[in-house]
Every structure is written in C-alpha cells, then in structure tokens.
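Student:
Number of protein chains: 2
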Amino acid sequence: MPGNIKQLHEQIKAGNFLALARGITIVENELNGYESLLLGLHESRHAKVIGITGPPGAGKSTLVNALLRHWLKENKKIAVLAVDPSSPFNYGALLGDRIRMSDFYTNPNIFIRSLATRGALGGLNAKIIEITDVVKDAGFDIVLVETVGVGQSEVEIAGLADCTVVTLVPEAGDEVQTIKAGIMEIANIFVVNKAERPDAEGLYRNLRILAHEKANGADETPVIKTIATQDDGVAELANAIIKFLDGQKDMPEKRLHLMTDKCWHLIQAHKMKGIDAKRLRKELANAINKESFNLYAFVQGFLNQQ
Amino acid sequence: MPGNIKQLHEQIKAGNFLALARGITIVENELNGYESLLLGLHESRHAKVIGITGPPGAGKSTLVNALLRHWLKENKKIAVLAVDPSSPFNYGALLGDRIRMSDFYTNPNIFIRSLATRGALGGLNAKIIEITDVVKDAGFDIVLVETVGVGQSEVEIAGLADCTVVTLVPEAGDEVQTIKAGIMEIANIFVVNKAERPDAEGLYRNLRILAHEKANGADETPVIKTIATQDDGVAELANAIIKFLDGQKDMPEKRLHLMTDKCWHLIQAHKMKGIDAKRLRKELANAINKESFNLYAFVQGFLNQQ
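These protein sequence lines are chains G and B, in that order. Residue numbers for the first sequence follow the numbering used here, so the first one is 8 and each next one is one higher. Residue numbers for the second sequence follow the numbering used here, so the first one is 8 and each next one is one higher.
1. Sort Thr154(B), Ala168(B) and Ala89(B) by Cα distance to Thr174(B) and report the nearest one.
2. Show which residues of chain G have a CB atom less than 8 angstroms away from the CB atom of Gln275(B).
3. Should the stretch 57-77 of chain G be regarded as contacting the stretch 192-211 of chain G, the criterion being three or more beta carbon pairs within less than 8 angstroms?
4. Would Ala145(B) and Leu44(B) be called neighbours here (beta carbons separated by less than 8 angstroms)?
5. Would you list, in chain order, the members of the stretch 299-310 of chain G that have their beta-carbon closer than 8 angstroms to a beta-carbon of chain B?
6. Could you give the residue range of the alpha helix (DSSP H) that holds Phe309(G)?
7. Per DSSP, what are the beta-bridge partners of Gly58(G) in this structure?
8. From the beta carbon of Thr185(B), is the nearest beta carbon of chain G less than 8 angstroms away?
9. Please report the straight-line C-alpha distance between Ser51(B) and Lys143(B), rounded to a whole angstrom.
10. My parser needs the beta strand (DSSP E) runs of 3 or more residues fully inside the stretch 209-280 of chain G; what are they?
11. Check the Cβ of Thr267(G) against every Cβ in chain B and list those closer than 7 angstroms, keeping chain order.
12. Hey, how far is the Cα of Leu46(B) from the Cα of Leu287(G)?
13. Determine the burial state of Leu48(G): buried for a count of at least 16 other Cβ atoms within 10 Å of its Cβ, exposed for fewer.
14. Can you look up Val87(B) in the DSSP assignment and give me helix, strand or coil?
15. Starting from the beta carbon of Ile295(G), find every residue of chain B whose beta carbon is closer than 7 angstroms, and list them in chain order.
16. Please name the residue or residues paired with Arg120(B) in a DSSP beta bridge.
17. For Ile19(G), decide whether its Cβ has a neighbour in chain B, counting only Cβ atoms nearer than 8 angstroms.
18. Whether or not the stretch 303-310 of chain G and the stretch 111-120 of chain B are in contact is what I'm after, with contact meaning three or more pairs of Cβ atoms, one per stretch, closer than 8 angstroms; do they touch?
19. I want to see whether chain G comes within less than 8 angstroms of Asp140(B), judged by CB atoms only; does it?
20. Would you say Leu45(G) reaches chain B, if we count a Cβ-Cβ gap shorter than 8 angstroms as a contact?
21. Can you tell which of Asp226(B), Gly30(B), Asn11(B) and Val230(B) has its C-alpha closest to the C-alpha of Gly209(B)?
22. Taking Cβ positions, are Lys83(B) and Ile149(B) nearer each other than 8 angstroms?
23. Can you give me the C-alpha to C-alpha distance between Ile282(B) and Leu244(B), rounded to a whole angstrom?
24. Over what stretch of residues does the alpha helix (DSSP H) that includes Ile196(B) continue unbroken?
25. Can you check whether the C-beta of Leu210(B) is within less than 8 angstroms of a C-beta belonging to chain G?
26. By Cβ distance, which residues of its chain are closer than 7 angstroms to Tyr41(G), with the 5 residues on each side in sequence left out?
27. Three-state secondary structure (DSSP) at Gly10(B)?
28. Which stretch, first to last residue, makes up the alpha helix (DSSP H) that contains His53(G)?
29. Mind listing the chain G neighbours of Ile282(B)? Cutoff is C-beta to C-beta under 7 angstroms, in chain order.
30. For Glu203(B) and chain G, any beta-carbon pair shorter than 8 angstroms?
31. Measure from the alpha carbon of Asn293(G) to the alpha carbon of each residue in Thr267(B), Ala247(B), Arg120(B) and Gln255(B), then state which is nearest.
32. Please confirm whether Ile12(G) has its beta-carbon closer than 8 angstroms to some beta-carbon of chain B.
33. My output table needs one value for Ser299(B): the three-state DSSP class, helix, strand or coil.
34. Under three-state DSSP, which class holds Ile33(G)?
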C-alpha cells in the first residue's frame, strides 16, 4: 500500500472524520490509491448496516432523524449514508430540511454523507458497497443507509444491510396485497409511520397477517407503529433493530448470500472499466441513422474493436 | 441466420403470437439462435413503447387495463409487458385479478407477457431491452411496459420508453416536494389516479406547480386526473400520450441518449457472460471465514483466474 494511503487508512480507523470524507471521495471518484485503500480494509463485523427504505413520502428521513436522537442518548457512534436523492440529508433537499439536519452535522458522534444515485452508468451499486465498507472501518456502531423506492434497486440495496427496515404509510393499507411480492422478501422489520392517520390500524393489521403467513411457524417479521415527528414508537423500533441484529449473529448462509451479491456487483463494475462512454455515444451517433441499423450488431462491433 | 430462426423471425413479423412467445422465450433464456434472432431485428419505429410506472398501490395495472379497453375500440394492436412483480398481468397476481384480466388474454389484438424482475444477477435491464425489441418487430402499434418503483431501476426503465407515464395517488399530495428530485426528470406525463379521493386536488395542484417550474416557458408536463376503475379520464390520458409521441418524432438528441443507455446495458450483460455464479459462491464460501478476508482482494483473485 502506498504510504499516504496507508496513513489515510490509519486515520480513518482512528475515527478521523476528515480522513473518512477524503477516503470516500477517493473511492467515489476512483482517484489515485483507490484500489489500495479498498484492499487495505478489514472486514469489520462490529459496525452494523441498517437500511431504511420505502416509497417517497413515507417519512424515512424523519425516522432516521428520530433514530439518531435515540441512539445519541446511548452514546452510539453513527454514520448516515443518504442514497435517496430526495433525502434532506442529501444536497437536493429543501432549505427547511437542511436547517433541521444541521444539529447533527456538527455532532462529533455523527458522520453524514450523501451519495449520488446516478453517477457513471452501471456503477451505482458497486460504489455504494465500496463506500459502505470504508465507513464500516471507521469505528461506527451503526451505519444507517437511507434509500428510496420499492423496486429492483432497493432489493439490491437490501444486500448491503444487516437489517432492512421497510417504511410504509397508512394510505398503503388497502393496497397491501399488491406490495406483497417484492417487499416481504427484503423486510426484516416493517414500520407503519404516521401512525396517527386514520388508516394506520388497517395497514398494521394487514402487515401482521402477511408477516404471520410468511413466518410459517418461525419468528414473524416485526411490525412497528411510529409517529417519527414526535419520536413515538422510535425506542421500540430501535430495540427491534438491535434484537434482530443480535439474532443474526450466526447466519452464515445469509451472509454468504449477501457477499455473493456484493462480489457480483464489484465484478460488474470491474468489467465495465475501460468502456469509453463518450466514444460509445459518438460511434452510435454515426451509426444510428443508417438505413440498416441494428442495435445488437452495433454493440457486437463496438466490443470487437476493444 | 440459421433457417429455423429466420423462419421464426418471419412468423413474428407476420404477427404470429405463438412465434412471438417462442422468440421471447429464446431471448429470455438465451437458447440456441438467441443472437441470430436479435441480429435479425429491424429497428421498428412504428411501435411506440409506453412505460407505466409508479409506486405500489398507485393503480398501474388498473390503468393499463383501462388503456387497453380504450385502444381496443380504436382497433389498435397492443402488447403488454409486465415487469412489475405485483401486477395482475404477472404470475404473482391474486386470483381475482387474474380472472379480471382473462378477457384480454384471448383477444387477438392483445399480447400479454410477464417478465421476471429478478432473473440472473445483473441481467435484468438488458433482457427487458432485448425482449421489448423483439416485441416491437411483431407489428404492434403500442407496447405498454408496466414497472414498479420510484427508484433507480425505474429511471433505467424510462430509457426504454418513448413516453413514460408516472402514476401517483392522492395521499402523496403533501409529500410531493420529497418526490421532486427523481420523478420530474423521467415523467413525460403525470397521472393522479384514484382522483375521487379527498386529497386528489392538492396533489394535482402541486404537480402542476412542479411541471410549471420545470418547463421554464416550454411545454409543461401534462398532469391528468383519472379514476381508472371507472374509465374516468382515460380517454384524456390516451390522447395526451399520443400527443406526446407525435411531438417526439424529431428528437434525435433524446433518442441518441436512450440508445446510449441501451447499448451500455447490453455491453454490461455481454461482459458478465462466462462469470460462473456457482463457482463464485463456492470459492467465496471457502474464503469468507479466513482470518484475513478482504472482499476486494477476493474479487481481484477471482477475476485473475478467469
């Protein structure tokens, strides 16, 4: 490992936030020392990664906020990675939200970083994996990763997390059958946020039924009602997360599965190196308007030139 | 092109649904003749691809249903590709929904196919692109692609469609700021479905404001209220889609952008060929519990063996 990267890595391990921010930038942009930094990481099993996910408007950021307040009281050291472009932890946030967050930005036990959701084509997942691994090596107890959506991307993100919390809002109640397929398999804990709203009880009941069906005699996926804006139910959620993590300790099969997913994304990112997006676009622009254009023949030709 | 694939392709072009289903299966599973079939496609500019997307519970399938009824009256030939695992067009659907759909399954102007959302790791997007291209060559006027989610995957799917319809429900109204970032850039048309619900007017107004801000003097993204279960607003939506498609005819820049995205996904799929997932898992299982395990060193070693 080059000397300066070795030093940076030692600073990161010692909990230096500036060094960590620099390390993330190196990984994010694949600057000099990028590979050395990753090859020098240890697989930290202390820091636990908690994914907070769900559709837009489910109150994920407010929930992350409430969990931060809760765990700060317990002297936990926490990192927040906001992959959700609409998160107030992210740059795209409204001014009001940014101000609300600013308490945390100066707290020495909290590290916050927003990540671009659409960087280089095809590189998203590998980058988030790499950055999460750098963060895990910096002595945190908990790494909270906030992601948006209930589609494919979220399923992939679930592969990152030791515990995935799926956040829903009451209005989803009467539609809960339709979300069954994708969500049940990734949720370790369900949150019914904004539980003061009229339909909360219906959604809660439906999720409990689904959890019961899925469990088939084993432990049921917990369903927790919260009003994150008022910290209601947040202690219960935090306890459920810790309980789930403690129960996960000896699940080598699940861990192997997640690691295989991670490897796959890293291999994909590696394989795509050297593909010049600008040249691709230029050659495509020349080919696209020809009479006999065929996309698959073009791709075959482009790859043969490499 | 091998003779049997040439014949199959001619049958597909002639509108033979059985041949089309067989062609999709060949592409989906990369059976013999897979590459020949793709290399034999023409870039059809007649068939228009319409993406219907949005969060679970937004009523996307009901909207697709209503659009099918509308366009059948106009003698359009339509294909439906359901990428949404919770879609009643998909196998995962509840029994009641499947029965509701069965009218369409026997209609000679409608072809319906559900696509697995999680097949081989990393192969999703390329497969959907390839299958959509096969379908486009089969003489349809319209190809409806139903996808779920408001995350990364959906943004990628938007690259497929000539027109992307984002479907929301009234309850999202007061949260519409939070969804601004991701959705505004992919929506060509907004639908406020379940418009009979109390908050519909608020969501409608907010989306109109966002559309106005984004347009900055140019054409604003249409926002259309529907009650898909009663066919309310569906004719208006269908007209808005056709109007948008007509206006898109001469947008080479956008087309180039979409084609570049497509190429990128195809290249990615090509590059991942030959990576043996089973061997990866086996070697990882051996390495993972060693004292000095480092994920990045493992991936490097695995790739060096190839």
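Just so you know, even glycine gets a beta-carbon here, dropped at the ideal spot from N, CA and C. All figures in this text were calculated on a predicted structure; none of them were measured in a lab.
Tutor: In this structure, then:
1. Thr154(B)
2. Gly129, Gln275, Lys278 and Met279
3. yes
4. no
5. Phe300, Asn301, Leu302, Tyr303, Ala304, Phe305, Val306, Gln307, Phe309 and Leu310
6. Leu302 to Gln312
7. Val152(G) and Thr171(G)
8. Because Thr185(B) carries a pLDDT of 45, less than 50, the predicted location of this residue cannot be relied on, and the following value inherits that uncertainty. For Thr185(B), the answer is yes, since a Cβ of chain G falls inside 8 angstroms of its Cβ.
9. 6 angstroms
10. 230-232
11. Leu287, Arg288 and Leu291
12. 19 angstroms
13. buried
14. strand
15. Leu263 and Met266
16. Leu88(B)
17. no
18. no
19. yes
20. yes
21. Val230(B)
22. yes
23. 44 angstroms
24. Careful: Ile196(B) lies outside any alpha helix (DSSP H), inside the beta strand (DSSP E) at Ile196 to Val199.
25. no
26. Ile33 and Val34
27. helix
28. From DSSP, His53(G) is part of no alpha helix (DSSP H); its letter is neither H nor E.
29. Ile274
30. no
31. Thr267(B)
32. no
33. coil
34. helix
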